[in-house]
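Take a look at the structure set out below.
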Ligand SMILES: CC(C)(COP(=O)(O)OP(=O)(O)OC[C@H]1O[C@@H](n2cnc3c(N)ncnc32)[C@H](O)[C@@H]1OP(=O)(O)O)[C@@H](O)C(=O)NCCC(=O)NCCS
């Protein structure tokens, strides 16, 4: 039987499992950093994918993003992680698809950063339609870069006539 997956808002009850994923995963191990889940829960920007199997519900992965057009008409993927034992079963792809559907409501694009040493994540994003759009050398670590990845979610200007679309207007004189 296939385990049932569900994506729901992250709560403080999920934090421990998400911290466990971060503590054994790149890029956080190499960077020596954690993720401030508490802040993103409060901002309502954090979600978990839970898996129900043999009567138990566990956290399989998480995603944190901002769905507002914060840069170049795009939302921003801040962090994504899947428990090592559950990787390569489509859970990361499911989390990305969920995020993209939320961001596409108000943005034409999605952007993210991925570390130059995090090759498996680069393959993951490429497979799912993201293109490398630039590099920020030494941003987080000397000798390493953060690559900017970009995916267009909606046709150019397709949101212009919608109520939620905003862009910078020239001031009236
Ligand atoms: C990146 C990550 C979220 C992917 O999650 P996942 O659940 O394994 O992803 P999926 O199963 O949906 O993978 C979809 C496709 O991406 C590609 N892919 C995923 N992981 C890959 C890897 N390690 N190497 C090469 N390709 C990979 C494959 O094409 C895969 O399809 P396939 O398994 O049918 O070949 C997961 O590996 C992870 O948590 N990594 C550590 C944290 C991290 O790097 N986060 C990103 C920071 S920017």
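Residue numbers (this note's numbering): 7 to 179. We put the CB at the ideal spot given by N, CA and C, even for glycine. Keep in mind the model is a prediction, meaning the values are calculated, not measured.
Relative to ligand 1, is the shortest distance from any of its heavy atoms to the C-beta of residue i smaller than 6 Å?
i           : result
residue 71  : no
residue 124 : yes
residue 32  : yes
residue 109 : no
residue 81  : no
residue 154 : no
Buried or exposed for residue i, going by 16 or more other Cβ atoms inside 10 Å?
i           : result
residue 75  : buried
residue 98  : buried
residue 77  : exposed
residue 145 : exposed
residue 153 : buried
Between residue i and residue j, which are expected to be in contact by the criterion C-beta below 8 Å, what is the C-beta distance as a whole number of angstroms?
i           : j           : result
residue 178 : residue 155 : Not a contact, Cβ separation roughly 38 Å.
Under 7 Å Cβ to Cβ from residue i, same chain only, skipping five residues before and after it: list those, please.
i           : result
residue 130 : 98
In its own chain, which residues sit with a C-beta less than 6 Å from the C-beta of residue i, not counting the 5 before and 5 after it?
i          : result
residue 20 : 54, 65
residue 24 : 43, 68
- Message: Does the contact criterion of 3 or more C-beta pairs under 8 Å hold for the stretch 152 to 167 versus the stretch 105 to 116?
- Response: yes
- Query: Contact between the stretch 62 to 71 and the stretch 79 to 86: three or more CB pairs below 8 Å?
  - Reply: yes
- Message: With three or more C-beta pairs closer than 8 Å as the rule, is the stretch 118 to 128 touching the stretch 13 to 33?
- Response: yes
- Message: Contact between the stretch 96 to 113 and the stretch 38 to 47 is defined here as three or more beta-carbon pairs at a separation below 8 Å; is this criterion met?
- Response: no
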